[in-house]
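Residue numbers (the working numbering): 26 to 754. Every residue gets a Cβ at the ideal spot worked out from N, C-alpha and C, and that includes glycine. Note that the coordinates shown come from a computational prediction; the quantities given were computed from them, not determined experimentally.
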Amino acid sequence: MRRFHSFAGLAAALLVIFMAATGFVLSLQPIADAVTTIPATGSLSVATVADRVAQDLPGVERLVRSASGQLVAYTLEDGVRSAVVVDPDSGAAVGAYAPSAFFSFITDLHRSFLLGSFGHGMAGLAALAILTLAVSGMLLLVAKMGGWRKLLAGSRGTGSQRLHTDLARIGVAVLLLTSLSGAYMSAVNFELLPENAAEMFSLPPASAGEGAAPIASLDALTALPLSDLRELSFPAVGDASDVFTVTTSAGQGYVDQGTGAMLSFTPNGVWQQAYEFVYLLHTGQGAPLIALLVGLGALAVPLLAVTGTIIWWTRRRSTPRIVGNAPWRDADTIVLVGSEAGSSWGFAATLHAALTQQGQRVHVAAMNDLRGSYPQAARLIVLAATYGDGAAPASARQFLAKLERFASTPSFSVLGFGDQSFAHFCGFAAEVDAALAAKGLRRLVPFTGVDRQSAGDFAAWGSLLGLQLGMSLVLSHAPKLPPTSRLVLAERTLYGMEVQAPVVVLKFKVPEPNRHFGGRLPRFNVGDLVGIVPPGSDQPRYYSLASASSDGMLEICVRKQAGGLCSEFLHSLAPGGEIDIFIRPNPDFRPDGGRRPLILIGAGAGVAPLAGFVRHNRNRRPVHMFFGGRDPASDFLYRDDLESALDDGRLASLNATFSRVLGGGYVQSLLTDEAETLRRLVGQGAQIMVCGGRDMADGVRAAIDTCLAPLGLSVDALKQKGMYLEDAY
26 MRRFHSFAGL AAALLVIFMA ATGFVLSLQP IADAVTTIPA TGSLSVATVA
76 DRVAQDLPGV ERLVRSASGQ LVAYTLEDGV RSAVVVDPDS GAAVGAYAPS
126 AFFSFITDLH RSFLLGSFGH GMAGLAALAI LTLAVSGMLL LVAKMGGWRK
176 LLAGSRGTGS QRLHTDLARI GVAVLLLTSL SGAYMSAVNF ELLPENAAEM
226 FSLPPASAGE GAAPIASLDA LTALPLSDLR ELSFPAVGDA SDVFTVTTSA
276 GQGYVDQGTG AMLSFTPNGV WQQAYEFVYL LHTGQGAPLI ALLVGLGALA
326 VPLLAVTGTI IWWTRRRSTP RIVGNAPWRD ADTIVLVGSE AGSSWGFAAT
376 LHAALTQQGQ RVHVAAMNDL RGSYPQAARL IVLAATYGDG AAPASARQFL
426 AKLERFASTP SFSVLGFGDQ SFAHFCGFAA EVDAALAAKG LRRLVPFTGV
476 DRQSAGDFAA WGSLLGLQLG MSLVLSHAPK LPPTSRLVLA ERTLYGMEVQ
526 APVVVLKFKV PEPNRHFGGR LPRFNVGDLV GIVPPGSDQP RYYSLASASS
576 DGMLEICVRK QAGGLCSEFL HSLAPGGEID IFIRPNPDFR PDGGRRPLIL
626 IGAGAGVAPL AGFVRHNRNR RPVHMFFGGR DPASDFLYRD DLESALDDGR
676 LASLNATFSR VLGGGYVQSL LTDEAETLRR LVGQGAQIMV CGGRDMADGV
726 RAAIDTCLAP LGLSVDALKQ KGMYLEDAY
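In structure tokens form, the structure reads like this:
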């Protein structure tokens, strides 16, 4: 479904964007008509208004009332045709009618690309393309969010993914409406469905020929409110046998010009009613609110196209091309990959190359692409990353459900990828391993986890797998790092020396010579991660950012770890020293919008991104900070910044505790002491963000569970709503 959705979107992108853009412009017409149309404040009959029009405008042929309520009289006098706007409250002519040439041009452009019947066909295909994208996108959205009931849960992923998801949730109903109605109207235009039922109206009968009576005296027209009128055609001058033709919202009839009797009336059929209803939904003519919704839905299409293309390109770029990937029907080894950011695919490519070199026919695919069976496969190897606290990554969320219908019986091995500092290290991969074993499949080697993309862990697992398979399997994997930017250290501030826990705040800028040649910082936001590869290593280390690129600097806070290759390198760096960095977006650790309270909880160096969020709180959202350190005189990180934020309203409250002073404690005990405050803020819809070491984060979670128990809430419940975010290491 994802490949189908991507292909349809890419193939029809320009056509769909064009239709959406012109549709948005046309959605403004009903709004403009509502503003410029003379409103009808009275309740005059068609007879009264038509009588006045006939007196003021000799040669009047038709009186037309548009969906917006505008009344226009069309006349022919001395061979000259004209159109006049009529006051619906009096029937008086108020000025010449001049329809908008701009909207007329855009209408023709939208309906047919100015290409006649061929263009009408293209417009119909565009409507079908939008319908296809809307339906497939809705199905993908339901699958991504975990079912219909979770459609309103917080979205996750990169900025493009979250924007695409949010736009889809807002616009999919409108897109379904406009695409279905547009396809229906195209089908009517090409006579694939019954026309607008005009052929069902009977031919006009002849008048009794008694001569024309005053229009105001005609009973059938007197009984008809002006608000029901669509069009009134006047009898030909001097033709006593001609009749009035009146079209209303209910149908079409004929009125004797002498007696005022309704000679016949044909009500609208089902197809006519359907067409008029669909036309209203598609154009919003006469319904400005519907037009506004249709326009907003159309406006979402170009944004969905742009974000969808970015997502497709990012996924394609992060997924390596597997040279010589065997078809799944012929493969004797199946390698399935579960990845969130794409790094696991690189390991899969290395494994594929090594197994292929040993004469194996290997097929690599995403875990979501698990087939019902593999006819030739003797073994199934799963490389599964773990997202967050034990969750399935994006390319593996459907795997366990599909596994229930899996009919093959290959032997298997599961290799997990994760970070040992997390409590649920390789939790999802372990769940997959247990599920495969429960299916009765034979395990080749014990379940193994790779810590922080360690090439050594991967190679060791490969050696065990090779022994089991009776082959020499050498897995030499060198992770491909993204392009880097070079920055220079501009400023450093050292804390924590007195308590033997050095922490340094480092601020980097673009090297001065580069500025004259357009050099600039890569784009990043507070809370994103910066990857730094220390000298003598091929493995990047990641640090949370306390600044955004708009600040003109890159700021991190680094605690010195005994034997830590990267932390020792950064602590030894003097101003003027250079590093190479790359950015890894972390969109799942960002405050939501709005004015609801925000609770920030951090300890030690974990306060860095939280201080950055406070610094960027320009809208003065109520932010409450809870901070834990060792000694206020030594490692009260960002103290000056936080106190300044208190003074100018960017920070509503600051609660700090320190473990190495008399009467001090840890941040989790501070939360317990402030339980009533926490409950009050959460009751107001507060979002909670936690950053720091894993042990601290676990303690904070337990403390908040205790605090919120009286409300019947828990951290897990808040997480499901996107109201509890955690960045632990």
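Going along the chain, which unbroken runs of the beta strand (DSSP E) with 3 or more residues stay wholly within the region 381–462?
-> Within the region 381–462, the complete beta strand (DSSP E) runs of at least 3 residues are 387–391, 404–410 and 436–443.
Run through DSSP, which three-state label would residue 39 get?
-> Here residue 39 sits in helix by DSSP.
Under the rule that 16 or more other beta-carbon atoms within 10 Å means buried, what is residue 467, buried or exposed?
-> Classification of residue 467: exposed, given that the 10 Å Cβ count is below 16.
Under the rule that 16 or more other beta-carbon atoms within 10 Å means buried, what is residue 701, buried or exposed?
-> Its Cβ having fewer than 16 others within 10 Å, residue 701 is exposed.
CB contact below 8 Å: residue 26 versus chain C | Among the chains in the structure shown there is no chain C, since it carries only a single protein chain.
Given 8 Å as the limit, is there contact between the region 578–589 and the region 629–647, that is, 3 or more CB pairs closer than that?
-> The region 578–589 makes contact with the region 629–647, as at least three CB pairs between them are under 8 Å.
Under 8 Å, do residue 323 and residue 55 count as touching if we go by C-beta distance?
-> Taking 8 Å as the Cβ cut-off, residue 323 and residue 55 do not qualify as a contacting pair.
Paired residues, beta bridge with residue 476 - DSSP | Residue 476 is bridged by DSSP to 443.
Please state whether DSSP places residue 109 in a helix, a strand or coil.
-> Reduced to three states, the DSSP call for residue 109 is strand.
When the distance is taken between beta carbons, is residue 554 closer than 8 Å to residue 533?
-> The beta carbons of residue 533 and residue 554 sit no closer together than 8 Å.
Around the Cβ of residue 523, are there at least 16 other Cβ atoms within 10 angstroms (buried) or fewer (exposed)?
-> With fewer than 16 other beta carbons inside 10 angstroms of its own, residue 523 counts as exposed.
Through-space distance from residue 748 to residue 31, alpha-carbon basis = CA-CA distance, residue 31 to residue 748, rounds to 31 Å.
Using the DSSP secondary-structure output, state which residues sit across from residue 90 in a beta bridge.
-> Residue 90 is bridged to 96.
What residue does the beta strand (DSSP E) around residue 255 start on, and which one ends it?
-> Per DSSP, residue 255 is one residue of the beta strand (DSSP E) stretching across 254–258.
Could you check the C-alpha separation between residue 133 and residue 37 for me, to the nearest Å?
-> Distance between residue 133 and residue 37, taken at the CA atoms: about 20 Å.
Classification of residue 268 by the beta-carbon crowding that lies within 10 angstroms, buried from 16 upward = Burial check for residue 268: the Cβ neighbour count within 10 Å reaches 16 or more, so the residue is buried.
Decide if residue 406 is buried, meaning its Cβ has at least 16 other Cβ atoms within 10 Å, or exposed.
-> Classification for residue 406: buried.
Just how far apart, CA to CA, sit residue 209 and residue 420?
-> Per the coordinates, the alpha-carbon of residue 209 lies some 36 Å from the alpha-carbon of residue 420.
Where residue 142 falls, given that 16 or more other Cβ within 10 Å makes a residue buried | Classification for residue 142: exposed.
Bridge partners of residue 628, per DSSP?
-> In the DSSP output, where bridge partners are listed per residue, residue 628 has 653.
Use the C-beta contact count for residue 26: other C-beta atoms within 10 angstroms, 16 or more gives buried, fewer gives exposed.
-> The residue in question, residue 26, is exposed, as its Cβ has fewer than 16 Cβ neighbours within 10 Å.
With respect to the beta strand (DSSP E) encompassing residue 272, which residues constitute its N-terminal and C-terminal limits?
-> Looking at the DSSP string, the run of the beta strand (DSSP E) that includes residue 272 is 268–273.
When the Cα atoms are used, what is the spatial distance from residue 75 to residue 335?
-> Put simply, the backbone Cα of residue 75 is about 59 Å away from that of residue 335.
Identify, in the order they occur along the chain, each residue of the same chain with its Cβ nearer than 6 Å to the Cβ of residue 529, setting aside the five sequence neighbours on each side.
-> Only 517, 519, 583 and 596 meet the Cβ criterion.
Where does the unbroken beta strand (DSSP E) through residue 466 begin, and where does it stop?
-> Residue 466 -> no beta strand (DSSP E), and no H or E assigned at all.
Residue from 265, 291, 284 and 286 with nearest C-alpha to residue 277 | Cα-wise, what sits closest to residue 277 is 291.
In this structure, does DSSP put residue 533 in helix, strand or coil?
-> In this structure, DSSP gives residue 533 an extended state, which the three-state scheme calls strand.
Going by the beta-carbon positions, is the gap between residue 646 and residue 625 smaller than 8 Å?
-> No, they are not a contact pair.
Which residues DSSP lists as bridging residue 279, in chain order = Partner(s): 270 and 289.
Can you tell me the Cα-Cα spacing of residue 408 and residue 726, whole angstroms?
-> Each residue's alpha carbon lies about 30 Å from the other.
Length at least 3, wholly inside the region 548–584: the beta strand (DSSP E) runs in chain order | As summarised for the region 548–584, the continuous beta strand (DSSP E) elements at least 3 residues long and confined to that stretch are 554–557, 566–569 and 579–584, given in chain order.
Do the region 426–440 and the region 384–400 touch if we need at least three Cβ pairs shorter than 8 Å?
-> Short answer: they touch.
Could you tell me the boundaries of the beta strand (DSSP E) in which residue 355 lies?
-> In this chain, residue 355 is not harboured by any beta strand (DSSP E), its DSSP state being neither H nor E.
Where do the N-terminal and C-terminal ends of the alpha helix (DSSP H) with residue 673 fall, by residue?
-> It spans 664–673 - the alpha helix (DSSP H) in which residue 673 sits, taken as one unbroken run.
Note down the Cα distance separating residue 718 from residue 628, rounded to an integer number of angstroms.
-> If you draw a straight line from the Cα of residue 718 to the Cα of residue 628, it is about 8 Å long.
Pull up the DSSP beta-bridge partners for residue 121, would you.
-> Answer is 109.
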